[in-house]
Amino acid sequence: MPEPQTVHCDMQRFMSGFTDVSHIGSTGDGGVNRPFGSEADLQLRAWLTRRMKDAGLQVTVDAIGNLWGMKAGSDPGPAIVLGSHHDSVPFGGRFDGPLGVLAALEVIQTLQETGYRNRRPLGVVSFTAEEPNPFDISTMGSRTVAGRLTTEQLLAAHDGTGRPLELAIAQAGGDLRRLSGVRKTDRDLFAFLELHIEQGRRLESAGMSAGVVTGVCGIYRELVSVAGEANHAGTTRLTDRRDALLAGAELALGVERLLLDRLSRRSRAANNREENAPAAIFRDNPEEELIATVGRFAITPNAPNIIPGQCDFTVEIRGASSSAIHSFAAEFGALAKQIGAARGVQISRKVILDQAPEAMDDTVTDTLRSAAAALRIPCRDLFSMAGHDAAHIASFTKAGMLFVPSIDGKSHCKEEETRMDDISHALAILLETTRRLDGLDIDA
Ligand SMILES: [Zn+2]
């Protein structure tokens, strides 16, 4: 195993950049409000463009508004690109996204300043609209690059005020009319590396500075509509009611019961297992492999003296395997049939998202692990139950992710925080991983 170079990133420069970025869209209480399409989004794009140019990178904005800063290598051919996104959820935290973009910039700048001669082209990317936004399309930049969104879908998107997505993309420097050139393949990208905050507390609990992500969960969503019968809240006898709310509420509680049943089945199985079972901790924590949520719930007519006639809600299922997600969806379907029949209501279900889990690339994850080991930085493997840009890039080339701990597991809120020591460790791992990937003699 090659010895790591004793090269350190400039943490002072990194922190000063991070402070500047945290002021853009600052809410004044420690958080940021920088959704895609906002004034703050545009300001940060300008800031990043300046910084990339100052670092000697060649800056381009692609048709979906992704910002790329590239440095040629001694060999032409596919590049190693590091990055993440710079937008935030409404009233979110400072670390989710920009951390990965600024880390990418710092790593490439440090390599450059220490005279490292890169063989493959190296680059930084900041993806457009990773978070939920008024146009209702998240991971927009990475999905477009991966060919997972069509021009028709993008051209049809508007925000709540009727403003077309096309206009917001044009303001960000993109152009939805020339999307044909935006698609990338493994001939363009040799590998993609994303540093991100964990957004949970597994690393913190384990006392680890970093986590190597083995995969990103699949996400499945369905809309459930319960049609009952609206009627008088005083005169309708209990036996004559077809209450859509009560059926919906029973189904929402049913989702939790199905999860609890699954957990108890799994923990019984785990207790029966041999002592020397596979070491991966998350595999022994079944609750981290599948989770489901009823996140939106509405009733009609929603009046105090009317029995609810209609109830509409979403069920979201996240998991490490498509088969586990689909079998949970089937269990939910069986429950819906049962409850529908028992309560005399019509229940219809419509799948609105069925995104498969993506495994991270073995070469990249092995390289991240060996770089951390060589630097003597404690890290463990983790599976991500949050979606990320890297999951879409993984559909066409080698992708890997590194997580840093979130203090108290807080994210998507103003309290979001990561220790600078952990970030410094992560930058060292990223730099060493980039160097090792650059030296690999395998074809793209
Ligand atoms: Zn993020």
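With our numbering applied, the sequence shown covers 872 to 1315. For every residue, glycine included, the Cβ atom is placed at its ideal position computed from N, Cα and C. Here the structure is a predicted model, which means the values were calculated and not measured.
Along the chain, where does the alpha helix (DSSP H) containing G1310 start, and where does it finish? Following the DSSP letters along the chain, one finds G1310 inside the alpha helix (DSSP H) bounded by residues M1291 to G1310.
Spatial distance of A950 from E1023 (CA atoms): 29 Å
7 Å CB neighbourhood of L973 in its chain, flanking five on each side removed: F885, G888, F889 and V892
What's the C-alpha gap between G971 and E1065? 6 Å
Going by CA-CA distance only, name the one from H957, L1124, A1027 and V995 that's closest to T931. V995
If we call anything under 8 Å between Cβ atoms a contact, is H956 one with F998? Their beta carbons are under 8 Å apart, which means H956 touches F998 by this criterion.
L1050 CB to nearest chain D CB: under 8 Å? Note that chain D does not occur in the displayed structure, where there is just one protein chain.
Below 7 Å, is the gap between the Cβ of H1067 and the nearest heavy atom of ligand 1? H1067 Cβ: within cutoff of ligand 1.
If you draw a straight line from the C-alpha of Q1209 to the C-alpha of M941, how long is it? 57 Å
Determine the closest residue to E1069 out of M1256, V1186, A1262 and S1266, with distance taken between C-alpha atoms. Nearest option by C-alpha distance: M1256.
Go ahead and pull the three-state DSSP assignment for V892. Residue state for V892 is assigned as helix, using DSSP reduced to three classes.
Tell me whether the beta-carbon of T1010 lies closer than 8 Å to the beta-carbon of F1267. no
The alpha helix (DSSP H) spanning T1234 covers which residue range? Note, T1234: alpha helix (DSSP H), D1233 to A1245.
Can you tell me whether G968 sits near ligand 1, meaning its C-beta is under 7 Å from at least one heavy atom of the ligand? yes
Once DSSP output is grouped into helix, strand and coil, what is the label at K1269? Residue state, collapsed to three classes: strand.
How many angstroms separate the CA atom of D1292 from the CA atom of A1299? Between D1292 and A1299, the C-alpha separation is close to 11 Å.
Contact set for H1283: own chain, Cβ-Cβ below 8 Å, skip 5 residues either direction: V960, G963, G964, D967 and Q1070
Cβ-Cβ distance between G936 and I1040 below 8 Å: yes
State the DSSP-derived secondary structure class of H957, mapped to helix, strand or coil. The answer is coil: DSSP assigns H957 none of H, G, I, E or B.
Thinking C-alpha only, which one of A1205, S1135 and P1175 is nearest L1122? A1205
Taking 7 Å as the cut-off, is the CB of E1160 close to at least one heavy atom of ligand 1? no
Unbroken alpha helix (DSSP H) runs of length 4 or more, entirely within the region 1069-1098: which are they? 1073-1077
Would DSSP call M941 helix, strand or coil? strand
Ligand 1 heavy atom lying under 7 Å from the CB of E837: Because the chain spans 872 through 1315 in this model, residue 837 falls outside it and cannot be assessed.
I'd like to confirm something about H956: is its beta-carbon nearer than 7 Å to some heavy atom of ligand 1, or not? yes
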